[in-house]
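The numbering of the sequence shown is our numbering, which starts it at 1 and goes up by one. Read the structure below first, then the notes.
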Amino acid sequence: MTAVDVIREAAGDGFVAPRLGLVLGSGLGGLADAVQDATAIPYKDLPGFPVGSVAGHAGRLVLGTLEGTPVVVLQGRAHLYEGIPVSDLAVPVRTVRALGAESIVLTNAAGSLNPEAGPGSLMALTDHINLMGANPLTGPNDDALGPRFVPLGDAYDLELRAGLRAAAEGEDVELHEGVYLAVSGPSFETPAEIRAFKTLGADAVGMSTVPEVIVARHCGLRVAAVSAITNLAEGMGTEKLSHEHTLQNAAVAAEKLQRVLRRFVEAQA
Ligand code: HPA
1 MTAVDVIREA
11 AGDGFVAPRL
21 GLVLGSGLGG
31 LADAVQDATA
41 IPYKDLPGFP
51 VGSVAGHAGR
61 LVLGTLEGTP
71 VVVLQGRAHL
81 YEGIPVSDLA
91 VPVRTVRALG
101 AESIVLTNAA
111 GSLNPEAGPG
121 SLMALTDHIN
131 LMGANPLTGP
141 NDDALGPRFV
151 PLGDAYDLEL
161 RAGLRAAAEG
171 EDVELHEGVY
181 LAVSGPSFET
191 PAEIRAFKTL
201 GADAVGMSTV
211 PEVIVARHCG
221 LRVAAVSAIT
231 NLAEGMGTEK
241 LSHEHTLQNA
251 AVAAEKLQRV
261 LRRFVEAQA
């Protein structure tokens, strides 16, 4: 059985193909509780799904309806820094596609290199820089899923981003925009790395999302991504970086992000 088989069987006669996938990052999982007519399945019961172990990540898939739109929510994700093979990170995204979704919205907690976008703020991603040292499409290509060489020139969909902007405006939430730079982690960056990343053109730094964007583009999903800024990047602020701190500040951004995403999803119905 594939993950898709398990999900279809669990949903039974109530199965409705999702229009949209939502991936909820560290401390951002609350939105999954708002899903109606929900079928929830722990990742450990989904064949091929990598199971993460980080605090703040629930690790379950929730299929149902949000604001009238059929969705599939991935509440929590596995990360490269947990020792998960990068190709395994493809499975949840391909499952979203195989269930019938056309678009995916990825969220994460990130550090900000833009002093104007401080802790608790939101940043829609316009592009990325992959310094993870890994690509989930490494290895043989399955031509049935997508092409060997995937263009990423328009990875972050303009129309979806306009939808996010409209939703943020409607909720009176400021939505910054910027380039996300991905590192493997799990150590936070050094101040010298952050200075270097700034000259490279990064606005936010984090340890996720980019593998999912690459896989999503490979299988033809349209992509939007939002960072919940939990801290100014190392060397830019006075606070000490820690995962606990990340989760605390994620709560401030999560409240805003939930409102913005609900309004965004409503408009996709
Ligand atoms: N660096 C990398 N990942 C992060 C950060 C950071 O400062 N904050 C939250 N996730």
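Beta carbons: idealized from backbone N, C-alpha and C, even for Gly.
Under the DSSP assignment, THR95 falls in the alpha helix (DSSP H) whose first and last residues are 90-98. Residue state for LEU66 is assigned as strand, using DSSP reduced to three classes. Nearest in C-alpha terms to ALA228, of all of THR138, LEU106 and ALA98, is LEU106.
In this structure, the beta-carbon distance from LEU66 to VAL226 does not fall below 8 Å. At a threshold of 7 Å, VAL205 counts as near ligand 1, since its beta carbon sits closer than that to one of the ligand's heavy atoms.
Segment contact: the stretch 115-132 against the stretch 153-172, three or more CB-CB distances shorter than 8 Å; contact assigned.
Using a 10 angstroms sphere on the CB of LYS256, the tally of other CB atoms reaches 16 or more, which defines it as buried. Of the candidates VAL213, GLY139 and ASP5, ASP5 places its Cα closest to the Cα of LEU99. Within the stretch 1-58, the alpha helix (DSSP H) runs of at least 4 residues that lie entirely inside it are, in chain order, 3-11. In the DSSP annotation of this structure, HIS243 is not part of any beta strand (DSSP E); the continuous alpha helix (DSSP H) holding it starts and ends at 243-267. Linking VAL71 to SER103 through their CA atoms gives a straight-line distance of about 10 Å.
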